[in-house]
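> If you read the sequence shown in our numbering, its first letter stands for residue 2, the second for the next number, and so on. Cβ atoms here follow ideal geometry from the backbone N, Cα and C, with glycine treated the same way. Remember, it's a predicted structure, so these values are computed and weren't measured experimentally.
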Amino acid sequence: MDIMMDGRGGYGGGSPDEQEGSNDRKGKKTYHRHNPYQIQQLESCMLNLFKSFGHSLSAIRKFTRLTLLLTLTNEGLQGSWQCPHPDENQRRQLSRELGLETKQIKFWFQNKRTQTKAQNERADNSSLRTENEKIQCENLAIREALRNVICPSCGGPPFGEEERQRNLQKLRLENSHLKEEHEKVSNLLAKYIGKPISQLESLLPVLGSSLDLSPRSSLTQIVPSPAVDLISDPVILDGAATTYQSRGINDLENALMLETAATGLEELIRLLRIDEPLWMKTLNDGRYVLHRDSYEKIFPRPNHFKTSSARTESSKASGVVTMSAIQLVDCFLDADKWADLFSTIITNAETFHIIDPGMPGNRSGALQLMYQQMHIFSPLVSPRDFCFLRHCQQIEFGVWVIVDVSYEILKDCVTSARCWRLPSGCLIQEMPNGCSKVTWVEHVEVDDKTQTHRLYRDLVFNTLAYGADRWLFTLQRMCERLAYTFRDCAPNHELGGVLTSPEGRRSIMKLSHRMVKNFCGILSMSGKLDFPQLSEVNNSGVRISVRISSELGQPSGTVVSAATSLWLPLQPETIFNFFRDEKARVQWDVLSYGNPVHEIAHILTGVHPGNLISIIRPFIPTENNMLILQESCIDPLGSLVIYAPIDMPAMNIATSGQDPSEIPILPSGFVITGDGRTHSGIGASTSSTLGRPSGSLLTIAFQILVSSVSSSKQLNVESVATVNTLISATVQRIKVALNCSCLD
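1) By the three-class DSSP mapping on this structure, what secondary structure does alanine 585 have?
2) On the three-state DSSP scale, how would you describe cysteine 741?
3) Cα-Cα, which of Gln430, Leu342, Pro278 is closest to serine 319?
4) Check whether the region 319-338 touches the region 354-370, counting contact only when three or more Cβ pairs, one atom from each stretch, lie closer than 8 Å.
5) Between Leu592, Trp441, Cys480, Pro694, which lies nearest to aspartate 648 when the distance is taken from Cα to Cα?
6) Can you tell me the Cα-Cα spacing of serine 695 and tyrosine 457, whole angstroms?
7) On the CB-based measure, 16 or more other CB atoms within 10 Å of its CB, does phenylalanine 620 come out buried or exposed?
8) What do you get for aspartate 448, buried or exposed, if any count of 16 or more other CB atoms within 10 angstroms of its CB means buried?
9) Reducing DSSP to helix, strand and coil, say where leucine 284 ends up.
10) Which class does histidine 599 belong to by DSSP, given the choice of helix, strand or coil?
11) Can you tell me whether asparagine 255 is buried or exposed, with buried defined as 16 or more other CB within 10 angstroms of its CB?
12) The alpha helix (DSSP H) spanning valine 461 covers which residue range?
13) Residues in the same chain with beta-carbon distance under 7 Å from proline 380, minus the five sequence neighbours each way, listed in chain order, please.
14) If you count every other CB in all the chains shown that lies within 10 Å of the CB of isoleucine 4, and 16 or more means buried, which is it?
15) Below 6 Å CB to CB, which residues in the same chain sit around leucine 212 once its five sequence neighbours on both sides are set aside?
16) Do the region 508-516 and the region 645-660 touch if we need at least three Cβ pairs shorter than 8 Å?
17) Output needed for aspartate 413: all residues of its chain with C-beta closer than 6 Å, excluding positions within five of it in sequence on either side, in chain order.
18) Note down the Cα distance separating isoleucine 614 from methionine 516, rounded to an integer number of angstroms.
19) Within the same chain, show all residues whose beta-carbon is closer than 6 Å to that of glutamate 351, passing over the 5 residues directly before and after it, in chain order.
20) Have a look at Gln374, Met432, Leu370, Ser407 and flag the residue whose alpha-carbon is nearest the alpha-carbon of glycine 399.
21) Within a Cβ cutoff of 6 Å, which residues of the same chain sit near glutamine 91, ignoring the five residues on either side of it in sequence?
22) Do you know whose CA, among Val290, Asp386, Arg391, lies nearest histidine 354's CA?
23) Work out the CA separation of arginine 93 and leucine 101 for me, nearest whole Å.
24) Which two residues bound the contiguous beta strand (DSSP E) that contains proline 619?
25) Using a 10 Å radius around the Cβ and a threshold of 16 neighbouring Cβ atoms, would you call arginine 288 buried or exposed?
26) Who are the Cβ neighbours of threonine 323 in its own chain at under 6 Å, not counting the five residues just before and after it?
27) If you draw a straight line from the alpha carbon of cysteine 634 to that of tryptophan 472, how long is it in whole angstroms?
28) Keeping to the same chain, check which residues put their C-beta closer than 7 Å to that of glutamine 704; ignore five residues upstream and five downstream.
29) What does DSSP give as the partner residue(s) for aspartate 1 in the beta ladder?
30) How many angstroms separate the CA atom of serine 407 from the CA atom of lysine 185?
31) Under the rule that 16 or more other beta-carbon atoms within 10 Å means buried, what is threonine 348, buried or exposed?
32) Ignore the nearest five residues each way along the sequence and tell me which others in leucine 279's own chain have a CB closer than 8 Å to its CB.
33) List the DSSP bridge partners of glutamine 394.
34) Among Thr115, Pro384, Ser729, Tyr38, which residue has its Cα nearest to the Cα of lysine 450?
35) List the residues that DSSP assigns as beta-bridge partners of leucine 630.
36) Tell me which residues share the same chain as leucine 553 and place their Cβ nearer than 8 Å to its Cβ, disregarding the 5 neighbours each side in the sequence.
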C-alpha cells in the first residue's frame, strides 16, 4: 500500500534517506510503498484488534464489506468500529517490529479504512444497478402481459379506448343521479334528526351486511307505530295499521332508521365511556347525571318538546349481573324475554319490525323497531310509552352495546306522545364465571302535561322512578332469580315437605312470576274512578277500576281493582319486614279473617333473605281448602310483597311439576319505595351508594272477583263501594300496626 506524506514532515512511509530527500522539496507530496511483510503484519494486527473487541469470526472475515457495518449495528457494536485504531503502545510496538514510525502506522490504518469504504460503495452500486435492470425487465414483461389480457367472462379482447370512455361517461351519469338522490334524502332527514344524512354506504358495515333495502322487503311484518294515543284508541290503531301496511317500509324509511340507529350508537358509546365533564355526581347521593351544558356542546340538538312543562331526565349506573353477556343480548332482542326480565317495570313490549336480525351467534348488527310501555309504583305515576329503534353492536370481543332511540313512523298520529327517548341503553361486558358487567344509561325527554302527584314528584324528578339505577337493580335481581330457578337441588328446609321435585319447585316459581307480572300490570289502572275521601295530605285517595276478565290464567268474570298510596315516616326496610312477618299478618290481611297463618314451605329466589316465595296456610275453619301463594322481593330502590289465594287442587298441580299456566290467579299486594327525599347525615344504605330516604311511599292494591258471570257492562256500584271500604279499612289497620295512626 502507498503511504502519502505531506511537505510539513508528515509520513506516508519509506526509508529515512527517502524522507530526507523529501524535506528538500517542501510542499510536494511523496509516496512510499510498504513491503509485503509489513502489510501482512499490519493486517494481522487489525484482525487481532477485531478479536480483542469480541467480534465474531464471520464479521472479521467480512470486514471489507459494507455488511460489516450492518452487523455491528445489529449487534449494538457500532461504537466499536473505532477498534481498528491501535493505541499509542500498539503503534510503538508495530513501529519497532516493522521499522516504521508511529505516524506511518497511523496513516496506514486510516488509508485502509478509506479503501475499504470505497470498495464497498462500488460493490453496492453494482448490486443496485443489477437489481434495477431486473426490475425494468419485469416491468416490461408486465406491460406486455397487460396488452395481451383477455376478458375472464367471455374470453374476448379487452375494452377499446372508445368503449372505455363510454363506460366512464355512464358511471359519471350514475354518480350524478346518486348525488341528487342523496341530497333529497339529506333534506328529508334534516326534518327528523336535525342534520343531513352522511354516506349511507358507511353505515352498512356497522349495521351488518344482511340488510335488504329493496322495495320488496317484507310487508307482512309491518305494524303501526304504537304511541300513547294509538294504543289507547283501537279505532285509530286499526286505521293507522291499515294505512301503514299498505304503504310498507320503503328505502327512505330504512335509510332514516339506519341513520338514526348509527347516530344513536355513536352518541351512546361516548356517554358510556366518558364520565367527566359529561357526567357529574349529585351531592346528596353520589349518582351520575348529565351536565347539560357539556352535553349540549358535544351533542347539539333541538328539544323534541317545545312546551314549558318539558324536562329532561338522565342517569348512569353500572354493576355485575349473574348472566352471561350473550344471554343478556338474546333477552334484550326478544320482546317477550325482555318483558319477563323486567316484569316489574314493563307492562307491555312488542317487536314491530326486524330491519336486520344481526350476525348469527353474536347478534352484532341487529336492528329492530320495538314498542314498550313502562309503569311502576302506583296509579299516581303515569305510564310511559315508547316506539323506538333497538340496535345491537359488538364493538370488541366479549363487549356489546345496545342502544335504544325513539323513532316516529306515523308522525301525525303520535303528536301527543309525552316521552321521547334520547340515545339510551347499556354496555355489556363478558366476565368470568358466567357473569357480565353492565353499564346503563337512561336519557329521556318528558312532557308533563299533567303534573306528577306530589307524593311521587321527588321520586320521579330525581330519576329514581325510571332511571338507570332502577333498570340495573331490577336486572341484577331477576338474573339472580333465574339462577335460583335452574338450581338442580334446593335445601330441605326450603321445601318444607311440600315440594318433592325440582320440577315442582320450578313450576311454583313460574306461577309466582306470572302472579307478580299480573299485579304490576294492573297498577296503571286505565279508566279508573277516584274516591278522594281519605286524607289529602299524606294519602292519595282510592283509585278503582272495573274490568271484565276473560284471559287465560285469570278468573272469568267482573274484577274490581282498587289501589291507594300513602306516605309513612318509616324506612322502606321496616315496612317490608312488617309485611313479610307471618305473625303480623293477622293485623292487616282480610284473607286470614283474624286468624294466625303458618308458612308450610318457601323457595329462595336470591341471596337476600327477603327474596323468596312462600306457601302459606291460614287457619280458617271454614276454608280448609285454601292456601296463599306469596312472593317478596327487595332491592336498594324498593320492594314488593304480592300474594294470591289458591285452592288446594290448583296448588297440587303446580307442586307436582305440571304446567301452571292455566291456574287462575288474582293477585293483590304492596309496593314499597323510598320517598325520593334523601335524609341528610344518615349515610348510604347497606347495598347501594344511594342515600337513605327520609320516609317511604306505600301502595296497596287489591283485586276482587265480584261475579263469576257478567252479561252486563254496567258498573256494579255496590261492589265498588265494598272494595273501597275494604281497602280504606286495611290502610287504617296498617297505620295502627306501624304506629302511624297520627297521620290521619
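Looking at the coordinates:
1) One-based indexing of the sequence shown puts residue 585 at position 584. Of the three classes helix, strand and coil, the one that applies to alanine 585 here is coil, per DSSP.
2) The residue given as residue 741 occupies position 740 in the sequence shown. In this structure, cysteine 741 counts as coil in the three-state DSSP scheme.
3) Here residue 319 refers to the residue found at position 318 of the sequence shown. Residue Gln430 is the option with its Cα nearest to serine 319.
4) yes
5) On the sequence shown, position 647 is the one that residue 648 refers to. Ranking the options by Cα distance to aspartate 648, first place goes to Leu592.
6) The residue you call residue 695 lines up with position 694 of the sequence shown. The residue you call residue 457 lines up with position 456 of the sequence shown. So the alpha carbons of these two residues sit roughly 13 Å apart.
7) For the purposes of this step, residue 620 is identified with residue 619 of the sequence shown, where counting begins at 1. Exposed.
8) The count along the sequence shown starts at 1 and reaches residue 448 at position 447. It is buried - the Cβ of aspartate 448 has at least 16 other Cβ atoms within 10 Å.
9) Numbered from its first residue, the sequence shown carries residue 284 at position 283. In this structure, leucine 284 counts as coil in the three-state DSSP scheme.
10) The residue you call residue 599 lines up with position 598 of the sequence shown. Histidine 599 falls in the strand class under three-state DSSP.
11) Locating residue 255 in the sequence shown gives position 254, where the first residue counts as 1. So asparagine 255 ends up on the buried side.
12) Taking the sequence shown and counting its residues from 1, the one referred to as residue 461 is at position 460. Taken as a continuous stretch (DSSP letters only), the alpha helix (DSSP H) holding valine 461 covers 455-462.
13) In the sequence shown, counting from the first residue as 1, residue 380 sits at position 379. Here the set comprises Leu524, Ser525, Met526, Lys529, Arg544, Ala564.
14) For this step, residue 4 is matched to residue 3 along the sequence shown. Confidence is the limiting factor: at isoleucine 4 the pLDDT is only 48, short of 50, which leaves the residue's position unreliable and the question unanswerable from this model.
15) In the sequence shown, counting from the first residue as 1, residue 212 sits at position 211. Low confidence applies to leucine 212: its pLDDT is 36, below 50, so where it sits in the model is not reliable, and the reading given next is rough at best. Only Asp357 meet the Cβ criterion.
16) yes
17) For the purposes of this step, residue 413 is taken as residue 412 along the sequence shown, with counting starting at 1. Low confidence applies here, because aspartate 413 scores a pLDDT of 47, under 50, leaving its location unreliable; read the following figure in that light. Answer for aspartate 413: no residue qualifies.
18) As a first step, residue 614 must be located in the sequence shown, where it is residue number 613. As a first step, residue 516 must be located in the sequence shown, where it is residue number 515. Looking at the two C-alpha atoms, the distance is approximately 11 Å.
19) Here residue 351 corresponds to residue number 350 of the sequence shown, with the count starting at 1. Only Ala336, Tyr372 meet the Cβ criterion.
20) One-based indexing of the sequence shown puts residue 399 at position 398. Answer by Cα proximity: Met432.
21) Residue 91 sits at position 90 when you count from the first residue of the sequence shown. So no residue of the chain qualifies.
22) Translated into positions along the sequence shown, residue 354 becomes position 353. It is Arg391 whose Cα lies nearest to the Cα of histidine 354.
23) What you label residue 101 is simply residue 100 of the sequence shown in a count that begins at 1. What you label residue 93 is simply residue 92 of the sequence shown in a count that begins at 1. Approximately 9 Å, taken between the alpha carbons.
24) Numbered from its first residue, the sequence shown carries residue 619 at position 618. Counting along the chain, the beta strand (DSSP E) containing proline 619 begins and ends at 613-619.
25) Position 287 of the sequence shown holds residue 288. Burial call: buried.
26) As a position in the sequence shown, residue 323 is number 322, starting the count at 1. Cys436, Cys480, Glu481, Ala484, listed in sequence order.
27) Here residue 634 is taken as the residue at index 633 of the sequence shown, counted from 1. Here residue 472 is taken as the residue at index 471 of the sequence shown, counted from 1. Distance between the alpha carbons of cysteine 634 and tryptophan 472 is about 15 Å.
28) Looking up residue 704 in the sequence shown gives position 703. Closer than 7 Å at the Cβ level, and outside the excluded window around glutamine 704, lie Ile523, Val560, Ser562, Leu667, Pro668, Ser669.
29) Nothing can be reported for residue 1: it is not among the residues displayed for the chain, which extend from 2 to 745.
30) As a first step, residue 407 must be located in the sequence shown, where it is residue number 406. As a first step, residue 185 must be located in the sequence shown, where it is residue number 184. Whole-angstrom Cα-Cα distance: 23 Å.
31) Stepping through the sequence shown from its first residue, residue 348 is reached at position 347. Looking at its Cβ environment, which holds 16 or more other Cβ atoms inside 10 Å, threonine 348 is buried.
32) Start at 1 with the first residue of the sequence shown, and residue 279 comes out as number 278. Result list for leucine 279: Arg271, Leu272, Leu291, His292, Ser295, Tyr296, Ile299, in chain order.
33) Mapped onto the sequence shown, residue 394 falls at position 393. Partner(s): Val402.
34) For this step, residue 450 is matched to residue 449 along the sequence shown. Checked all of Thr115, Pro384, Ser729, Tyr38; the closest Cα to lysine 450 is Pro384.
35) Start at 1 with the first residue of the sequence shown, and residue 630 comes out as number 629. Per DSSP, Ile616, Ala645.
36) Numbered from its first residue, the sequence shown carries residue 553 at position 552. So the qualifying residues of the chain are Ser662, Glu663.
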